[in-house]
Every structure is written in structure tokens, then in C-alpha cells.
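Numbering (this note's numbering), first residue to last: 6 to 407.
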Ligand code: CTP
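Written out as C-alpha cells, the structure reads:
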């Protein structure tokens, strides 16, 4: 997607990931965006003003008290002239300052004084990312409507492993494009779950449902195309997740539930994942062995129902909660009962009997069940059906003005 004519104010925080901000500037300019860099004092420990300004093709702003700048272009104007403010890397400290509304340098003052949409690309040590204060700050920022891309999981510069690596420049570019998208869902946050979950039996085996993630991915893309900010929580699916969404990869139902909760609040939540209904009570720490004395039974515990827990939450419940019902017989009857049992607004029922070829295939046929009745959506590609559903979600949220 082109970003021609779009103006990005890029705040570069102080972290080792700041070096990726240089590539980000290059990628954004390749797509036609105008980039104005703001370098924090900590950021300048990692990249120089000279390299940023050379790549951006314009001067770098760094000092709040530069009176010439105040006369030329005040900090308020600097942020308002942008279509989007991007903070990359967003350090734990920058996030904390943003969440608590501190303004002690140019970057934080710009962020406090703006009505321009903001996207952050967090980057920090895994323990900092997981620390409760950072989780709280993230929730506050998301609640304030700030979009988040990444962080990714992987080896970190500090030698540890886990989530905390800044999203790659091209992922940030996609997230920027999504954030700048216009459409009926612009400014809306939608959570989508997708794919199967894997519940470990031992270190090498797991319980799972059959699911390619195709319908969920198509849905994530369709919602993004209508301008939504999408948090895409996916189990290990074979179909690639959509680009331009906030991607959260999980393995188990418990992780999926935690990721969905962390992504709230949202305007809508769509549960397309094929969640395993059971997990092994206590997964073995060593590989189970067959033969005499080996295990022949598994002690199963029921997994939390993610859809029901969100549909039944009181305050903070998304305005629209949508589930899928994968059935192999009495599809409509089961779907109606499931909608009531789970407390969701809509259920999309599909017949996943092996003969239909729907599971793992590119096509689907759905029945939309709402409190007003049901509607058959004839067999079509998963992409076409996803677009139809995204459009229906947009109409519903638009009508509610929610
Ligand atoms: N779902 C969920 N968490 C679970 C199980 C299911 O969020 N632990 C969601 C699915 O994503 C889907 C809906 O609930 O949107 C229905 O899933 P389905 O597998 O059809 O139903 P189950 O709850 O598993 O009921 P049953 O096995 O009785 O058909």
C-alpha cells in the first residue's frame, strides 16, 4: 500500500532497537511518506541525528527548549501536522511516561499535546515487557486508543529470549498503513482469535483441533481493509496471519484467553479459533513411554471457554461478541443453543463434516444466527464470506454509534 502524501512523525526512543528505526525511515520514504524524526536524548545514545536526518531528508527535532523551533514550528504544530505519530522503539520508560501523562522532553510533550493517532512499537527486555507495571501501562495506552505493533518473540540483544524485540520495520510499515486506513471501521479495535490451540501432553505431543486458520486470517484481513485496528490472536495455524494487524501468537487455550484479555478493550471480538476443549491436567515433563508400565489414559481438564468469558463479562464487554459454531449435525439447532449458552450476540454456524471439504479448504458456507433469527450465507470462498461478515460488523457498530 502506498503512503504517498502521508506525514509520519517518528519518535525514536532509547533502546538498542533504535537502529531499526533507521531502516523504518527508509521503508516509509520508499512508500512515499514524509517522515519527520524526533530523537529522544536516550535515543541519541544509539543513533545519531546525522544518520536520521540523512535518511529522512529533513532535520531532526530533539530539544523542547529550542526557541527557534518554537517560533518556527511549535511542538503542538509539529505533532498536529502529522497524520500519525509513531514511537519506535517505544521503551518501557516512554510507555510509562505516556500512560501517566508526563511531559518532560520534546517527545513526551508532543505525545501529550496531540490529537493525532499514535502507534507504538514496544521494544524492551522480556522481563520488563512482562512486568505488571508495563502490562498496566500497555492496557492504559490501548484504552486511550493507541495502536500497538509487536513486540515479537526471539533472541534479545541482552542475551535473553522471549517477547520484547521490536517489530521488524516492514511489520511497522504495515501497521502504519493499517492505522492510516480509512473506512467504516477506522478507529475501531477488533479482536480476532484464529487457528487451533495445542495443549501439551508431554514435551513432544499435544491435543489439538483441526483448523487451518484460513477463515480467521481472511476475517482479520477483511476487518483491516475496512480500517479496523485488529488484534489477531492465533494458535499454531498453517495459513499465514494477515499483515497489518497486531499479531499475538499463542499455543494453548489458557494463553489465548490471557492474550484476549490483555488486548481488551475492543469494539468487537470475533472468536474464529478452534480451541481445544480439553487439556491434560498435568502435562508430563518428560516424554511418555509406551510398553509395559506406560501410560494408557490421560487425565483431562476442561479448558476455559474464551468466547463465553468475554461474552459474559460485565463492564468492558465489547459491543459486539461473535462466535463460530463448528458442527457436524443439526447445525442450526446446535448454533442457536450455543449462542444462548455462551451469551454472545452472533454465532456463525458451519457444517464441518468431512464430506463438505470446508475444514482445511478455501470455501465455507455459513448461517448467521442472531437474536432476530438466522440467515444462510451460501457457499463461497472464505475470503468473500469474511468480507461479508466484516461489512456486517461495520454496519452494526456504525448503527449503534458504539
Ligand atoms: N470457543 C472458545 N473457547 C473454548 C471453546 C470454544 O472461545 N474453550 C469458541 C470458539 O472460538 C467458537 C465457539 O466458542 O467461536 C464455539 O466453538 P465450538 O468448538 O463450535 O463449540 P464448543 O464450545 O467446543 O462446544 P461443543 O464442543 O459442544 O460443540
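Beta carbons are placed, not taken as given, at the ideal position from N, Cα and C, and that holds for glycine.
Nothing here was measured: the structure is a model prediction, and the numbers come from that model.
Relative to the C-alpha of residue i, which residue among the options is closest?
i: residue 349; options: 327, 53, 364; result: 327
i: residue 4; options: 182, 123, 52, 63; result: Here the chain comprises residues numbered 6 to 407, so residue 4 is not present and cannot be evaluated.
i: residue 8; options: 35, 20, 18, 16; result: 35
i: residue 21; options: 51, 304, 383, 31; result: 51
i: residue 354; options: 220, 95, 185, 59; result: 220
i: residue 280; options: 289, 312, 286, 45; result: 312
i: residue 91; options: 56, 134, 38; result: 38
i: residue 25; options: 257, 127, 149; result: 127
i: residue 175; options: 397, 93, 262, 335; result: 93
i: residue 400; options: 244, 306, 322, 228; result: 228
i: residue 201; options: 151, 261, 232; result: 261
i: residue 41; options: 58, 171, 132; result: 58
i: residue 178; options: 155, 188, 170; result: 155
i: residue 109; options: 46, 152, 161, 157; result: 46
i: residue 206; options: 104, 363, 303; result: 303
i: residue 172; options: 164, 159, 165; result: 159
i: residue 49; options: 385, 338, 170, 112; result: 112
i: residue 379; options: 210, 214, 339, 290; result: 339
i: residue 324; options: 136, 403, 162; result: 403
i: residue 209; options: 283, 165, 294, 151; result: 294
i: residue 363; options: 385, 189, 29, 14; result: 385
i: residue 138; options: 105, 151, 170, 125; result: 105
i: residue 96; options: 11, 255, 130; result: 130
i: residue 259; options: 27, 285, 270; result: 285
i: residue 232; options: 191, 296, 367; result: 191
i: residue 157; options: 134, 63, 270, 151; result: 134
i: residue 132; options: 343, 117, 169, 114; result: 169
i: residue 162; options: 23, 222, 263, 387; result: 23
Let me know if residue i comes out buried or exposed under the rule of 16 or more other beta-carbons within 10 Å of its beta-carbon.
i: residue 431; result: Beyond the ends of the chain as shown, which are 6 and 407, falls residue 431; an answer cannot be given.
i: residue 72; result: At residue 72 the pLDDT is 42, less than 50, meaning the model places this residue with poor confidence; the figure from the coordinates comes in the next sentence. Per the 10 Å Cβ criterion, exposed.
i: residue 292; result: exposed
i: residue 147; result: buried
i: residue 252; result: buried
i: residue 347; result: buried
i: residue 89; result: buried
i: residue 345; result: exposed
i: residue 308; result: buried
i: residue 16; result: buried
i: residue 390; result: buried
i: residue 68; result: exposed
i: residue 187; result: exposed
i: residue 268; result: buried
i: residue 301; result: exposed
i: residue 243; result: exposed
i: residue 31; result: exposed
i: residue 165; result: exposed
i: residue 18; result: buried
i: residue 55; result: exposed
i: residue 287; result: exposed
i: residue 87; result: buried
i: residue 152; result: buried
Kindly indicate the opening and closing residues of the alpha helix (DSSP H) around residue i.
i: residue 139; result: 137-148
i: residue 24; result: 23-35
i: residue 315; result: 311-316
i: residue 403; result: 387-405
i: residue 359; result: Where residue 359 is concerned, there is no enclosing alpha helix (DSSP H), given that its DSSP letter is neither H nor E.
i: residue 265; result: 258-268
i: residue 176; result: 174-185
i: residue 202; result: First-last for residue 202: undefined, no H or E at that position.
i: residue 1; result: Nothing about residue 1 can be reported from this structure: the residues present for the chain run from 6 to 407 only.
i: residue 50; result: Note, residue 50: premise wrong, no alpha helix (DSSP H); not H, not E.
i: residue 112; result: 111-117
Just reading off the beta strand (DSSP E) that residue i is part of, what are its end residues?
i: residue 335; result: Unbroken run through residue 335: none, as it is neither H nor E.
i: residue 234; result: 234-239
i: residue 39; result: 39-44
i: residue 102; result: From DSSP, residue 102 is part of no beta strand (DSSP E) but of the alpha helix (DSSP H) over 97-105.
i: residue 190; result: Unbroken run through residue 190: none, as it is neither H nor E.
i: residue 160; result: 157-160
i: residue 287; result: Here residue 287 belongs to no beta strand (DSSP E), and DSSP marks it neither H nor E.
i: residue 14; result: 12-17
i: residue 369; result: 368-375
i: residue 124; result: 123-127
i: residue 151; result: First-last for residue 151: undefined, no H or E at that position.
i: residue 307; result: 305-307
i: residue 302; result: Looking at the DSSP string, residue 302 is not in any beta strand (DSSP E), and its letter there is neither H nor E.
- So does the segment 267-287 actually touch the segment 192-200, counting three or more Cβ pairs closer than 8 angstroms? yes
- Message: Across the segment 314-328 and the segment 232-245, are there enough close Cβ pairs to call them in contact, namely three or more that are closer than 8 angstroms?
- Response: no
- Message: Count Cβ pairs between the segment 131-144 and the segment 98-106 that sit closer than 8 angstroms; are there 3 or more?
- Response: yes
- Query: Pairing CB atoms from the segment 326-341 with CB atoms from the segment 355-372, are three or more of them under 8 angstroms?
  - Reply: yes
- Item | Three-pair Cβ contact test at 8 angstroms for the segment 167-184 versus the segment 240-249 | yes
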